[in-house]
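Trainee:
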Amino acid sequence: VIIFSEGTRSPDGRLGQFKAEAMVLAIKAGVPVVPVAIVGTHQALPKGKLLVRPGRVEIRVGAPIATSDYTVKQKQELAERLQGKVAELLGE
């Protein structure tokens, strides 16, 4: 299952804040979350545009993060950790 934790695309292509509620499913299922950064999509398909522009899109995959140490009450902590890992993959 892929969940885009920001909930939307940003107008400027920069990483937005992750929504903690997106972490609940993984915590309850006891499955790891995998940080994934998609680079180049803002240039290829900016928010609000319908036509895809030619360009290069790169997918960077990080190491899985175990959720077994988190409770639903710690969803914000997990969201912040995941966001940090995605930011690292983006070079931010």
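The numbering used here applies: residue 1377 is where the sequence shown begins, and numbers increase by one.
Beta carbons: idealized from backbone N, C-alpha and C, even for Gly.
(1) Could you please give the first and the last residue of the uninterrupted beta strand (DSSP E) stretch that includes residue 1415?
(2) Mind the definition here: the stretch 1419-1435 touches the stretch 1397-1410 only if three or more C-beta pairs lie below 8 Å; say whether that holds.
(3) For residue 1445, which option in 1453, 1439, 1416 has the closest C-alpha, if you only look at C-alpha atoms?
(4) With the cut-off set at 7 Å, would you say residue 1377 and residue 1411 are in Cβ contact?
(5) Please name the residue, chosen from 1380, 1413, 1417, 1432, that lies closest to residue 1394 on a Cα-to-Cα basis.
(6) How should residue 1449 be labelled, buried or exposed, when 16 other C-beta atoms within 10 angstroms of its C-beta is the threshold for buried?
Mentor: Result, derived from the coordinates:
(1) 1412-1415
(2) no
(3) 1453
(4) no
(5) 1380
(6) exposed
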